[in-house]
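Peer 1:
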Amino acid sequence: MKRNTINPQWDDPYLIDVPSLPQGSWEDNGQQLKLSVPKEFSFSENMKYLSNAPNECLFHIKDHRIYKAVPIGQETPIIEISAEHENVITIRFFGNTTPSRQEVRAAVAGYVSEWFDLETDLRPFYDLAKNDLLLHRAVSEFYGLRNVGIPDLFEALCWGIIGQQINLAFAYTLKRRLVENFGRSVELDGEQYWIFPSPHKIAALAVSDLAVLQMTTKKSEYLIGVAQLIAEGKLTKKRLLATGDYKKAEKMLVSIRGIGPWTANYVLMRCLRIPSAFPIDDVGLHNAIKHLMGTEQKPTKEEILQLSSTWTNWESYATFYLWRFLY
DNA sequence: AGCCAGGACGGTA
DNA sequence: TACCGTCATGGC
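The numbers in UniProt numbering rise by one with no breaks, and the one at position 238 of the first sequence is 238.
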């Protein structure tokens with residue numbers, strides 16, 4: 001008999017911070033969901049991006065399909081995301097994890113819609129990019145790529161903090177250790193699906209609990225501090241968005257210990273989807289520009305501001321597209 | 001072996 | 001405001 005087994009530490013009140021409904025059109029026949037996607041969307045282009053994450057532990061990819069456990073309230077459906085045609089995304093529930101309640105299925109649709117940023121109209125970006133020194137090649141090579149995001153705020157903040165000042169491969173290793181030590185997993189058909197630890201769980205840890213994972217002491221402190229803020233309800237997506245202004249949201253984040261300009265903009269870009277969020281200190285961005293410009297030295301901040309002066313309100317998409325040149 | 005990595009902090013001038 | 005030493009470890 002195949003059953004889902006869930007780790008003991010499952011008395012976990014945290015609800016991931018995601019929309020309860022997709023904004024766009026979608027269908028639900030009780031067994032599977034279909035999301036309509038904009039014309040400027042390419043499933044395979046987004047899959048190429050996701051396939052490149054080395055050592056990713058929160059989803060896996062097989063035969064051009066994504067498999068992932070999505071925690072919604074007290075349920076943890078395991079979904080398969082596929083696209084027979086480029087213009088529609090199909091979500092199937094795995095095994096016996098089909099949520100019986102319609103609102104849970106809707107939340108899953110909302111999660112996927114947000115993950116792939118299906119609501120943004122990319123046409124203005126493509127228009128401005130056509131004549132842009134750095135972007136014209138990016139938008140033709142990666143046409144249909146979305147700003148694939150991190151819908152949950154806590155996960156996005158942790159990923160940003162973990163990634164500070166270390167190479168990406170090591171960052172993935174640290175994330176995996178964090179998830180496998182303090183997250184929970186659902187097992188189905190011999191596969192294990194990991195779910196990111198809750199803020200409550202991390203908030204209750206001691207610095208040494210994280211430091212043994214080879215996180216620096218400071219990173220351990222930062223993660224616990226952010227977890228406490230979120231667990232106490234003091235830091236939410238809603239509050240950040242309620243500032244009504246990108247710069248105010250950035251200030252709110254930067255005031256938190258461990259979150260500097262890079263992390264703040266990274267999270268505003270990948271989680272809150274602020275179009276003008278711009279992690280200008282990002283080494284990856286610097287390397288991409290260096291690569292495209294064929295220069296030996298990294299661009300200065302002034303040069304980047306010059307090159308990006310026409311990206312107004314599309315800085316986050318520009319950054320995301322330029323990252324694609326790095327792998 | 002040595003430089004670099006999807007930075008941030010705390011102190012100093 | 002602007003700069004600098006420090007944190008600390010793995011990847012290549």
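Beta carbons: idealized from backbone N, C-alpha and C, even for Gly. Being a predicted model, the structure only gives us computed values, none of them experimental.
Alpha carbon to alpha carbon, what distance is there between E187 and L305?
Peer 2: Between L305 and E187, the C-alpha separation is close to 48 Å.
Peer 1: Going by alpha carbons, who is nearest to R92 out of I66, Q32, Y49?
Peer 2: Checking every option, the nearest Cα to that of R92 belongs to Q32.
Peer 1: Where does D28 sit, in a helix, a strand or coil, going by DSSP?
Peer 2: Of the three classes helix, strand and coil, the one that applies to D28 here is strand, per DSSP.
Peer 1: Can you list the alpha helix (DSSP H) stretches of 4 or more residues lying completely in the segment 122-185, in chain order?
Peer 2: Runs of the alpha helix (DSSP H) inside the segment 122-185: 123-130, 135-141, 153-162, 168-182.
Peer 1: So R270 is in the alpha helix (DSSP H); what residue range does that whole segment cover?
Peer 2: It spans 261-270 - the alpha helix (DSSP H) in which R270 sits, taken as one unbroken run.
Peer 1: Along the chain, where does the alpha helix (DSSP H) containing I289 start, and where does it finish?
Peer 2: I289 -> alpha helix (DSSP H) spans 283-293.
Peer 1: From the DSSP output, in three-state form, read off R257 for me.
Peer 2: Here R257 sits in coil by DSSP.
Peer 1: According to DSSP, R239 sits in a beta bridge with which residue or residues?
Peer 2: Partner(s): none; R239 has no beta bridge.
Peer 1: Suppose you measure from the CA of R257 to the CA of G225; what does that come to, to the nearest Å?
Peer 2: When rounded, the distance between both Cα atoms is 8 Å.
Peer 1: State the DSSP-derived secondary structure class of L35, mapped to helix, strand or coil.
Peer 2: Residue state, collapsed to three classes: strand.
Peer 1: Among L133, S309, T90, N29, which residue has its Cα nearest to the Cα of F43?
Peer 2: Ranking L133, S309, T90, N29 by Cα distance to F43 puts T90 first.
Peer 1: Buried or exposed for L118, going by 16 or more other Cβ atoms inside 10 Å?
Peer 2: Classification for L118: buried.
Peer 1: Tell me E75's beta-bridge partners as DSSP assigns them.
Peer 2: Beta-bridge pairing links E75 to I72.
Peer 1: With a threshold of 6 Å on Cβ separation, who are the neighbours of K290 within its own chain once the five nearest residues in sequence on each side are excluded?
Peer 2: Correct list, in chain order: K298.
Peer 1: With respect to the alpha helix (DSSP H) encompassing K48, which residues constitute its N-terminal and C-terminal limits?
Peer 2: Segment 43-51, the alpha helix (DSSP H) holding K48.
Peer 1: By the three-class DSSP mapping on this structure, what secondary structure does N4 have?
Peer 2: Only weak support exists for where N4 lies, its pLDDT of 27 falling under 50; the value from the coordinates is given anyway. Three-state result, N4: coil.
Peer 1: Taking the alpha carbon of T216 as the reference point, which residue from N147, G260, F170 has its own alpha carbon closest?
Peer 2: When each option's Cα is compared against that of T216, the closest is F170.
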